[in-house]
Amino acid sequence: MTVRILPLPDIEPPATDHGIGALTTDRGNLPLDSVDVHASITGLAAGIEVVQGFRNPFDIPLEATYIFPLPDRAAVTALRMEAADRVIEGTLKERGQARQDYDTAIAAGQRAAIADEDRPDVFSMRVGNILPGEHVTIRLTLNQPLPHESSSSATFRFPLVVAPRYIPGAPIDGERAGPGVADDTDAVPDASRISPPVLLPGFPNPVRLAITVDVDPAGLPLTQIRSALHVVADEGGGERTTVRLRPGERLDRDFILRLDYAPHESAALSLVPDESGEEGTFSLTVLPSGEARPSPRDVVLVLDRSGSMQGWKMVAARRAAARIVDTLRAEDRFAVLSFDSVIERPRDLGAGLVDGTDRNRFRAVEHLAALNARGGTEMLAPLDEGCRLLADSARDRVLVLITDGQVGNEDQILARLEPRLHGVRVHTVGIDQAVNAGFLNRLAAIGRGRCELVESEDRLDGAMEHIHHRIAAPIATGLSLHSDGLEIVPDSVAPAKLGALFPGVPLVIAGRFRGAPSGSLSVRGTASSGTAWEQHATGAITKDPATTSIWARAHLRDLEDRYTVGGPDDLEQRIVSTSLRFGVLCRFTAFVAVDSRVVTDGEAPHQAVQPVEMPSGWEQPTAAPRMTHAAFSATTDAIMMPEALMAPGSPPPPAPSGPPPPAYGTARGAPPRGTGRTPSAPAARPRSAAPRRARRSPALTGFQQELANVLDRLRQAPDTHDQRVHHLLSDLLPILESIVQRMEAQSLDATPLSTLRDDLRRLSPTPDEATINNHWSRALQVLSDFTGAPAPRRPFWKRQ
71 MTVRILPLPD
81 IEPPATDHGI
91 GALTTDRGNL
101 PLDSVDVHAS
111 ITGLAAGIEV
121 VQGFRNPFDI
131 PLEATYIFPL
141 PDRAAVTALR
151 MEAADRVIEG
161 TLKERGQARQ
171 DYDTAIAAGQ
181 RAAIADEDRP
191 DVFSMRVGNI
201 LPGEHVTIRL
211 TLNQPLPHES
221 SSSATFRFPL
231 VVAPRYIPGA
241 PIDGERAGPG
251 VADDTDAVPD
261 ASRISPPVLL
271 PGFPNPVRLA
281 ITVDVDPAGL
291 PLTQIRSALH
301 VVADEGGGER
311 TTVRLRPGER
321 LDRDFILRLD
331 YAPHESAALS
341 LVPDESGEEG
351 TFSLTVLPSG
361 EARPSPRDVV
371 LVLDRSGSMQ
381 GWKMVAARRA
391 AARIVDTLRA
401 EDRFAVLSFD
411 SVIERPRDLG
421 AGLVDGTDRN
431 RFRAVEHLAA
441 LNARGGTEML
451 APLDEGCRLL
461 ADSARDRVLV
471 LITDGQVGNE
481 DQILARLEPR
491 LHGVRVHTVG
501 IDQAVNAGFL
511 NRLAAIGRGR
521 CELVESEDRL
531 DGAMEHIHHR
541 IAAPIATGLS
551 LHSDGLEIVP
561 DSVAPAKLGA
571 LFPGVPLVIA
581 GRFRGAPSGS
591 LSVRGTASSG
601 TAWEQHATGA
611 ITKDPATTSI
621 WARAHLRDLE
631 DRYTVGGPDD
641 LEQRIVSTSL
651 RFGVLCRFTA
661 FVAVDSRVVT
671 DGEAPHQAVQ
681 PVEMPSGWEQ
691 PTAAPRMTHA
701 AFSATTDAIM
711 MPEALMAPGS
721 PPPPAPSGPP
731 PPAYGTARGA
741 PPRGTGRTPS
751 APAARPRSAA
761 PRRARRSPAL
771 TGFQQELANV
781 LDRLRQAPDT
791 HDQRVHHLLS
801 DLLPILESIV
811 QRMEAQSLDA
821 TPLSTLRDDL
831 RRLSPTPDEA
841 TINNHWSRAL
851 QVLSDFTGAP
861 APRRPFWKRQ
């Protein structure tokens with residue numbers, strides 16, 4: 071077998087380390103000096119070790135913080151800290167307890183490290199009490215499945231930078247959730263945890279990056295390995311190949327290897343018993359079989375044209391959208407929504423769905439061809455509008471989102487959309503070299519669809535072939551899992567929603583079983599022709615411990631998404647228990663390592679947050695006004711060498727020459743958004759604030775939804791007298807006036823709301839504290855009763 075490594079053409083060697091704003095010391099100037107990734111791919115899974123090297127270039131103890139990405143499907147199973155002659159194994163604990171242990175250790179003068187998960191693909195590492203001149207190494211162990219297309223290819227993707235993300239909403243008072251540069255807002259209360267500062271353009275390469283991938287096909291007919299964005303070299307031959315990244319590369323884009331296989335059959339059921347023999351993990355791969363019969367579709371295409379889509383991404387997004395429009399048939403209906411801070415539609419096509427005629431498709435493509443990148447990424451409103459348009463349950467309904475996914479309010483979007491996606495399939499197309507894959511995969515999973523990632527224009531044609539198959543009629547829908555002789559642990563199957571089976575897209579189902587590792591599983595559904603569809607597989611015992619951790623990560627992700635959109639009262643504890651039992655990091659737990667040796671006098675160490683690269687492929691900015699709170703974190707203040715990284719007492723760095731960089735994602739020349747509460751940017755909904763699905767009239771359900779949004783904002787408002795007065799009189803009262811009038815016009819009972827409205831009308835503009843507190847409590851109670859929303863629980867980011 072010959073394995074061919076395809077180099078990228080016309081790649082210039084890395085530039086020498088000179089650039090605007092460069093600062094130097096004898097030992098460098100940033101705490102992170104190396105990242106080493108070693109992956110061992112066996113078949114369709116990878117075991118990964120990530121080694122981060124931190125050093126202290128200052129003359130006092132240092133606490134370094136690094137906000138970094140990991141693959142969103144990867145299970146983090148271990149942490150180890152190495153310093154001097156010490157090796158400390160990390161322990162997985164409930165997040166609040168882990169943070170307390172870390173803070174206590176730092177205050178006592180001990181070395182310590184803690185790793186948190188803030189998004190499925192965004193993590194933070196804190197390493198404290200690094201002595202002057204000392205080097206500390208952190209090792210993370212991961213297991214990752216390789217997404218694959220039918221029997222032809224698999225993809226190993228390792229992200230290397232957290233891109234700036236658009237942060238909608240109004241700033242909230244109180245202590246910041248993290249050390250990042252973006253303000254926490256009512257839509258993204260943990261924005262400061264996912265917004266690292268960004269290095270100046272041209273800054274010297276601060277981090278030595280090494281990536282090594284060992285590939286063992288494990289019997290699969292591997293024919294070729296392709297590197298998408300980096301130049302690599304290969305070693306070895308035969309059945310095993312080692313791929314190495316060329317030295318000198320920067321952490322500014324995803325590392326992507328594609329493994330091509332000759333056609334083969336891989337439908338199988340693997341059974342992995344635990345050491346106790348009482349339980350185990352199964353993994354079932356279902357290959358598509360059969361033909362899909364086309365049926366009339368309603369398709370809504372939502373295209374992101376915000377500022378971060380500048381350059382090749384906008385070109386690729388327009389092409390992708392136009393290709394999808396061209397596949398529509400006359401019996402299909404469709405709508406195209408392009409958005410930044412506002413939503414636009416093709417002219418002459420109206421506000422609803424239109425038939426897929428030649429004329430209408432031409433108008434849509436004409437609209438797409440004229441789009442340029444601009445403005446902010448107000449994503450919730452167009453997705454909400456897309457769900458509204460897809461209301462005809464008698465037709466096949468498809469929502470396609472084309473974006474780089476660079477938003478911070480993922481939880482808010484998912485919580486808002488999930489109740490509206492029943493019967494709607496959502497496919498996402500991520501276009502970027504540092505794409506927000508975690509969000510796009512979550513949205514597609516909730517919408518029972520698929521996510522396709524496009525890292526370059528060269529990749530677009532192949533990706534569009536996959537997308538075309540996915541928005542077409544599925545081979546089978548209404549899938550369900552059935553066992554014969556294998557006892558499945560209840561509520562352990564991941565993904566929890568099986569959705570549909572699409573041409574060329576294998577379905578991988580994992581879960582837990584009890585008892586003997588024997589028996590078989592079947593997947594049943596309804597074919598596009600309306601007949602019964604089924605595939606069957608008999609179990610085979612294997613010994614792959616990664617199978618259990620990969621299942622645990624997928625199962626925890628399902629539980630976390632269920633927590634975001636609403637779930638039972640014991641769900642939080644269940645997530646923690648599952649994470650601790652299987653040793654897999656999640657948003658409710660953290661790995662913490664504490665050295666028993668005391669190395670400092672306990673004074674607070676100097677704190678430094680590691681700046682990250684501007685993602686490759688993002689156009690370098692030109693002059694623009696200073697960014698408001700609602701924009702990307704890549705502000706003029708953030709794209710720099712932070713003062714926190716300078717030795718105490720050092721003079722500030724010289725300002726770079728030339729115009730300051732602009733705010734990605736801001737509307738050019740747009741005024742500040744004030745409170746940020748526009749119709750296109752409703753406030754975040756806590757996981758428990760989703761209204762109960764009661765049997766009520768559609769009109770009443772609409773009024774409940776409006777007031778549920780207001781209730782969200784009230785619950786997240788700063789707890790001060792002036793803010794309560796403002797929200798009651800300026801936010802709640804005008805909406806009550808409108809809703810009461812509309813309800814009474816429809817002969818609906820609005821008594822509780824009208825009584826509250828009358829009380830607020832009589833409220834003085836300067837009420838005393840007791841009066842405002844009484845009105846505040848009563849307003850929350852009335853709105854909770856009307857919407858059926860239970861009291862909120864602490865979200866992920868507030869677990870201290």
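Under this note's numbering, the first residue of the sequence shown carries the number 71, and numbering increases by one thereafter.
The beta carbon of each residue, even a glycine, is placed where N, CA and C say it ideally should be.
The C-beta of residue 643 has fewer than 16 other C-beta atoms within 10 Å across all chains shown, which makes the residue exposed. When DSSP states are grouped into helix, strand and coil, residue 417 belongs to the coil group. A residue is called buried once 16 or more other Cβ atoms fall within 10 Å of its Cβ, and residue 430 is buried on that count. The residue from 117, 122, 110, 617 with its alpha-carbon nearest to that of residue 102 is 122. Taking 9 Å as the cut-off, the beta carbon of residue 128 is found no closer than this to the beta carbon of residue 208. As computed with DSSP, residue 215 is found in a beta bridge with 115. A residue is called buried when at least 16 other Cβ atoms come within 10 angstroms of its Cβ; residue 433 meets this threshold and is buried. The alpha carbon of residue 785 has as its nearest neighbour, out of 257, 315, 566, 184, the alpha carbon of 257. Between the alpha carbons of residue 264 and residue 230 lies a distance of about 14 Å. A distance below 9 Å separates the beta carbons of residue 471 and residue 513. Collapsing the DSSP output to three states places residue 199 in a strand. In this structure, the beta-carbon distance from residue 837 to residue 795 falls below 9 Å.
Put simply, the stretch 644-654 does not touch the stretch 375-395. Fewer than three CB pairs are less than 8 Å apart.
Pairing residue 218 with residue 544 gives a Cβ-Cβ distance that is not under 9 Å.
Nearest to residue 386 by alpha-carbon distance, out of 678, 441, 590, 289, is 441. Only buried fits residue 562, as 16 or more other CB atoms lie within 10 angstroms of its CB.
Here the C-alpha atom of residue 309 lies approximately 13 Å from the C-alpha atom of residue 329.
By alpha-carbon distance to residue 488, the top candidate from 463, 660, 634, 317 is 634. The stretch 585-592 makes no contact with the stretch 532-542, as fewer than three CB pairs between them are under 8 Å. Judged by DSSP in its simplified three-state form, residue 110 adopts strand.
The residue from 676, 570, 564, 546 with its alpha-carbon nearest to that of residue 520 is 570. Residue 262 places its beta carbon 9 Å or farther from that of residue 277. Leaving aside the five residues that flank residue 457 on each side, the residues in its chain whose CB is nearer than 6 Å to its CB run, in chain order, 490. Per DSSP, reduced to three states, the secondary structure at residue 572 is coil, with no helix or strand assignment. Contact check for residue 611 against residue 342 passes: the beta carbons are separated by less than 9 Å.
Around the beta carbon of residue 659, 16 or more other beta carbons sit within 10 angstroms, so the residue counts as buried. Given a length threshold of 4 residues, each whole run of the alpha helix (DSSP H) inside the stretch 428-471 is given here in chain order: 428-439, 450-459. Each of 289, 675, 818 was checked against the Cα of residue 130, and the nearest Cα belongs to 675. Excluding its 5 nearest sequence neighbours in each direction, residue 506 has C-beta neighbours in its own chain below 6 Å: 475, 476, listed in chain order. Its Cα nearest to that of residue 140, the residue 504 stands out among 504, 376, 631, 578. In this model, residue 406 and residue 156 are separated by some 59 Å (Cα to Cα). Annotation for residue 424: 430 place their beta carbon closer than 6 Å to its own, counting only its chain and skipping 5 residues before and after.
In the DSSP secondary-structure assignment, residue 374 is bridged to 409. Counting only runs of 3+ residues, the beta strand (DSSP E) found wholly inside the stretch 615-677 occupies 659-668, in chain order.
In this structure, residue 408 lies away from residue 446, with their beta-carbon atoms at least 9 Å apart.
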